[in-house]
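See below for the structure under consideration.
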């Protein structure tokens, strides 16, 4: 067996976790793995004491953006290393 999806979160600031490295192997996309992974990461972040999650994506990641918005994420100002970078879109969600 092998991993077909991955994702993680890391501390960003008090109460805020950053979702990182979400990826699903191309042949497994469209089967709900991204949604399941994101919901699990949100739950784990909440159980770890975080009240908000942020993430960054790129404008051409249409499927990812649709998923984030469907799950209640909203655009936020670019933060940290993404500030001033037009090729980056940042999203946040209160858990």
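In the working numbering, the protein residues as written are 1 to 95. Where a beta carbon is used, it is the ideal one built from N, C-alpha and C, also for glycine.
Straight-line Cα distance separating residue j from residue i
| i | j | result |
| --- | --- | --- |
| residue 68 | residue 27 | 21 Å |
| residue 15 | residue 95 | 10 Å |
| residue 63 | residue 25 | 14 Å |
| residue 44 | residue 84 | 30 Å |
| residue 57 | residue 82 | 10 Å |
| residue 1 | residue 78 | 38 Å |
Option in the options with minimal Cα separation from residue i
| i | options | result |
| --- | --- | --- |
| residue 91 | 44, 84, 85 and 72 | 72 |
| residue 41 | 59, 29, 79 and 21 | 21 |
| residue 100 | 29, 11 and 19 | In the structure as shown, the chain begins at 1 and stops at 95. Residue 100 is therefore absent and cannot be evaluated. |
*Assess, as a yes-or-no matter, whether the stretch 23-37 is touched by the stretch 49-58 under the definition of 3 or more beta carbon pairs within less than 8 Å.*
Fewer than three pairs of CB atoms, one per stretch, sit closer than 8 Å, so the stretch 49-58 makes no contact with the stretch 23-37.
*What runs of the alpha helix (DSSP H), each 4 residues or longer, lie entirely inside the stretch 32-81?*
You should have 33-47 and 62-70.
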